[in-house]
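Asks: Those protein sequence lines, which keep their order, are chains F and X. So in full-length UniProt numbering, spot 210 of the first sequence is number 210, and the numbers just go up one at a time. So in full-length UniProt numbering, spot 132 of the second sequence is number 132, and the numbers just go up one at a time. Even glycine gets a Cβ: it sits at the ideal position worked out from N, Cα and C.
Number of protein chains: 2
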Amino acid sequence: MDGIESTLRLYAPFLVSYGAVIVPTAAVCFLLAYLLNRRAKSGTFYVERTTDDAQDDDDNSHPSSHEYDDDAEHIPYRADVYPQEEMIARSEAFHMMMQKRRTVRFFTDRPIPRTIIENVLYAAGASPSGANSQPWTYVVVSNPATKAEIRDIIEAEERINYERRMGDAWVKELRILKTSWRKPHLETAPYVIVVLRQLYGVRSDGSRKNYYYTDISVAISVGILLAGLQNVGLVTTTTTPLNAGPALRKLLQRPANERVMLLLPVGYAAEDATVPPLRRKSLDEQFLWV
Amino acid sequence: MDGIESTLRLYAPFLVSYGAVIVPTAAVCFLLAYLLNRRAKSGTFYVERTTDDAQDDDDNSHPSSHEYDDDAEHIPYRADVYPQEEMIARSEAFHMMMQKRRTVRFFTDRPIPRTIIENVLYAAGASPSGANSQPWTYVVVSNPATKAEIRDIIEAEERINYERRMGDAWVKELRILKTSWRKPHLETAPYVIVVLRQLYGVRSDGSRKNYYYTDISVAISVGILLAGLQNVGLVTTTTTPLNAGPALRKLLQRPANERVMLLLPVGYAAEDATVPPLRRKSLDEQFLWV
């Protein structure tokens, strides 16, 4: 306590003399920092919390629902209903199918009819999204030259990652993952799907339209895509090439409102494909029944 | 230019006298603002950009891959391979099935065997995730008292939203969406699934384990869940009850590292269920072929 008191006594005259300068300067600086930070954040449009609470992902009860025809009547909805034994069988088959899914990085170059990829993508495009914004752009690359350019971009980034990180842990990791900065599978796989997220929409007059929950919306859509790929026996490597995003966006000439979120090479698994053994969390850790 | 010069001439003596106070004050304030902002961000663990670039979603080439047995050998991977005509047929069936999916808010209380929900959830739990973190907790609520409490929490929040927002647009919105702050379907639906995202992991010694891309990972898993529900003929309302999140987390007694991400009532669609007409973006707007 003595220390604090003597400190105060020492600096009080200073604070009295300069307070009129320090306080406004501090206020201006904090305001500036706040504004700069707000601006940086608005670039990502990450909605941490909004008053659009309990916002339905494709039916939105708030004014931003541009995608509805306000005067249209509701239409009846009829679900496909199955007997419960059939529901059980279908749920088991779906579980077994998805349980077999793994992230695979070994592909063959065997061609795949485009209609298969289209159907799976169109299913993903019917995903729910925040205020029905449908904030995804799927760029499907099959052109060998463009695939080679994508590989170059990813390898340049990955090489930096690997070379920066070389050390004791490196050899061990390499052994288990059998991977390196080299990504030949980006050229082997017949398709490379670049998934972009739209940060905001653009109206025909060029003005911006706010989008909400774009991360969640695009990722839900990708979940449906992964189920669709598994359902036809194709594999993919789910990767998040964020540092390579700007270069990929430039290569694909995508507009300023889009950001690369995922990169998915798609093809048949190689005959000799291998995967590392996975440790799944126990069911009790993932699922609770109340 | 004259204006700037005379302004400088006017304030230069002030800046000379007080510069020694203004500059350090500004520096300290910016530093403080930066640190406070960093701290706020680290609370959300939103990975905007990381050096873990091109990080595979379930095979991770970087040191944070705790979930692998470092000494285990790779294992062979065998995909289910179908003739291409069958692949086309399966992709069409999947597309047709998912195209019928809609966010539905009218449920019956018809019971559903738990094994169906389990299978669909277990499929979602086999989703890829950043560094194999599996950062999801699915709390499945069927207990009527807990469902009623969830309804209370959501309605209290929604009522504030609706009452704050009442105005010209309100009647119009209400007409098209046929919705209000009242959410009886949260009690009617036999299951309400609360999807929580783990911001970080907790080791057995209590220390924190960094998780990456938790938003994307959990949402991909939810996409698989939605496909699984559609596959058995059940419906859900995909909602993001973020403002109600803390109250829901408290009700369900979930730990500090978890955040409510989505709330999904699950059941059979009511016989007279309706949905608003949706405007889907054109295929050209969603899918590009390069």
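Got a sec: does the ligand FAD put a non-hydrogen atom nearer than 7 Å to the Cβ of Ala-247 (chain F)?
Replies: Questions concerning the ligand FAD fall outside what the structure shown contains, since it holds no ligand whatsoever.
Asks: Only counting the same chain, and skipping five residues up and downstream in sequence, which positions put a Cβ closer than 7 Å to that of Ser-207 (chain F)?
Replies: Counting only Cβ-Cβ distances below 7 Å, and skipping sequence neighbours, we find nothing.
Asks: For a cutoff of 8 Å on Cβ pairs, would you count Pro-128 (chain F) as touching chain X?
Replies: Judged by the 8 Å Cβ criterion, Pro-128 (chain F) is in contact with chain X.
Asks: The alpha helix (DSSP H) spanning Pro-83 (chain X) covers which residue range?
Replies: Pro-83 (chain X) -> no alpha helix (DSSP H), and no H or E assigned at all.
Asks: From what residue to what residue does the alpha helix (DSSP H) around Ala-220 (chain X) run?
Replies: In the sequence on display, residue 220 (chain X) carries Ile and not Ala. Residues 214-231.
Asks: Tell me, please, whether the CB atom of Lys-100 (chain F) is closer than 8 Å to any CB atom in chain X?
Replies: So, interface residue.
Asks: Counting only the same chain and skipping the five closest in sequence on each side, list residues whose C-beta sits under 7 Å from that of Asp-58 (chain F).
Replies: Confidence is the limiting factor: at Asp-58 (chain F) the pLDDT is only 44, short of 50, which leaves the residue's position unreliable and the question unanswerable from this model.
Asks: For Phe-287 (chain F) and Val-140 (chain X), which I take to be in contact (beta-carbon distance under 8 Å), what is that distance rounded to the nearest angstrom?
Replies: Correct: roughly 7 Å between the Cβ atoms.
Asks: Hey, how far is the Cα of Gln-99 (chain X) from the Cα of Ile-224 (chain F)?
Replies: So the two alpha carbons sit approximately 11 Å from each other.
Asks: Applying the 10 Å Cβ sphere with the 16-neighbour rule, what's the burial state of Arg-197 (chain X)?
Replies: When all chains shown are included, Arg-197 (chain X) counts as buried.
Asks: Which residues does DSSP pair with Leu-262 (chain X) in a beta bridge?
Replies: Paired residue(s): X:Val-195.
Asks: Could you give the DSSP three-state label for Gly-206 (chain X): helix, strand or coil?
Replies: Gly-206 (chain X): coil per DSSP, three-state reduction.
Asks: What in chain F is Cβ-close to His-185 (chain X), meaning under 8 Å?
Replies: The contacting residues do not exist; His-185 (chain X) stays about 11 Å from chain F at best.
Asks: At a CB distance below 8 Å, what residues from the stretch 128-152 of chain X approach chain F? Give them in sequence order.
Replies: Under the 8 Å Cβ criterion, the stretch 128-152 of chain X contributes Pro-128, Gly-130, Asn-132, Gln-134, Trp-136, Thr-137, Tyr-138, Val-139, Val-140, Val-141, Ser-142, Asn-143 and Thr-146.
Asks: Is there a Cβ of chain X sitting closer than 8 Å to that of residue 307 (chain F), yes or no?
Replies: The structure shown does not extend to residue 307 (chain F), since chain F is modelled only from 1 through 290, so no value can be given for it.
Asks: Take Ala-89 (chain F) as the anchor and find which of X:Pro-265, X:Ala-93, X:Pro-113 and X:Arg-105 has the nearest alpha-carbon.
Replies: Nearest C-alpha to Ala-89 (chain F): X:Pro-113.
Asks: Please identify the residue among X:Ala-27, X:Glu-118 and X:Ser-17 whose C-alpha is closest to the C-alpha of Glu-92 (chain F).
Replies: Here the closest residue by C-alpha is X:Glu-118.
Asks: Between the alpha carbons of residue 316 (chain X) and Val-202 (chain F), how many angstroms are there, rounded?
Replies: Shown here, chain X extends from 1 to 290; a query on residue 316 (chain X) therefore has no answer.
Asks: Please look up how many angstroms separate the CB atoms of Leu-242 (chain X) and Val-266 (chain X), rounded, as I've assumed it's under 8 Å.
Replies: Contact flag wrong, Cβ pair sits at about 20 Å.
Asks: Give a yes or no on whether 8 Å exceeds the smallest Cβ distance from Arg-38 (chain F) to chain X.
Replies: Unreliable placement is indicated for Arg-38 (chain F), whose pLDDT of 46 sits below 50; the coordinate value is still reported in the next sentence. Cβ-Cβ to chain X under 8 Å: no for Arg-38 (chain F).
Asks: Tell me, to the nearest whole angstrom, how far the beta carbon of Ala-244 (chain X) is from that of Asp-215 (chain F); I am working on the premise that it is less than 8 Å.
Replies: Not confirmed; about 20 Å, so no contact.
Asks: Closer than 9 Å by beta-carbon distance: list the chain X residues that pair up with Asp-215 (chain F), in chain order.
Replies: The contacting residues are Tyr-46, Asp-215, Ile-216 and Ala-219.
Asks: DSSP state of Pro-277 (chain F), grouped into three classes?
Replies: Of the three classes helix, strand and coil, the one that applies to Pro-277 (chain F) here is coil, per DSSP.
Asks: Under DSSP, the beta strand (DSSP E) around Leu-288 (chain X) begins and ends at which residues?
Replies: From DSSP, the beta strand (DSSP E) with Leu-288 (chain X) extends over 287-289.
Asks: How is the alpha helix (DSSP H) around Thr-115 (chain X) delimited, first residue to last?
Replies: Unbroken alpha helix (DSSP H) run through Thr-115 (chain X): 114-125.
Asks: Quick check: what's the CA-CA separation for Arg-280 (chain F) versus Thr-115 (chain X)?
Replies: Answer to the nearest angstrom: the Cα atoms are 20 Å apart.
Asks: Give me the Cα-Cα distance between Lys-183 (chain X) and Glu-271 (chain X), rounded to the nearest whole angstrom.
Replies: Cα to Cα, the separation comes out at about 18 Å.
Asks: At 9 Å on the CB atoms, spell out the chain X contacts of Leu-252 (chain F), in chain order.
Replies: Under the 9 Å cutoff, chain X gives Leu-288 and Val-290.
Asks: Compare the C-beta of Ala-256 (chain F) against all C-beta atoms of chain X and say whether one is closer than 8 Å.
Replies: It does not: the Cβ of Ala-256 (chain F) has no partner Cβ on chain X nearer than 8 Å.
Asks: Determine whether the beta carbon atoms of Thr-137 (chain X) and Glu-258 (chain X) lie at a separation below 8 Å.
Replies: For Thr-137 (chain X) and Glu-258 (chain X), yes; Cβs fall inside 8 Å.
Asks: Within this structure, are the beta carbons of Ile-193 (chain X) and Leu-248 (chain X) separated by less than 8 Å?
Replies: Contact: no.
Asks: Given this structure, state the Cα-to-Cα distance separating Ala-269 (chain X) from Thr-239 (chain X), to the nearest angstrom.
Replies: Going by the C-alpha atoms only, they are around 16 Å apart.
Asks: How long is the line joining the alpha carbons of Ala-26 (chain F) and Ala-20 (chain X), rounded to whole angstroms?
Replies: In a straight line, the C-alpha of Ala-26 (chain F) is about 14 Å away from that of Ala-20 (chain X).
Asks: Going by C-alpha to C-alpha distance, which of X:Asp-284, X:Glu-285 and X:Pro-276 sits closest to Pro-76 (chain F)?
Replies: Of the candidates X:Asp-284, X:Glu-285 and X:Pro-276, the one whose C-alpha sits nearest the C-alpha of Pro-76 (chain F) is X:Pro-276.
Asks: Is it the case that the Cβ atoms of Thr-237 (chain X) and Arg-105 (chain X) are separated by a distance below 8 Å?
Replies: In contact: Thr-237 (chain X) and Arg-105 (chain X) (Cβ atoms closer than 8 Å).
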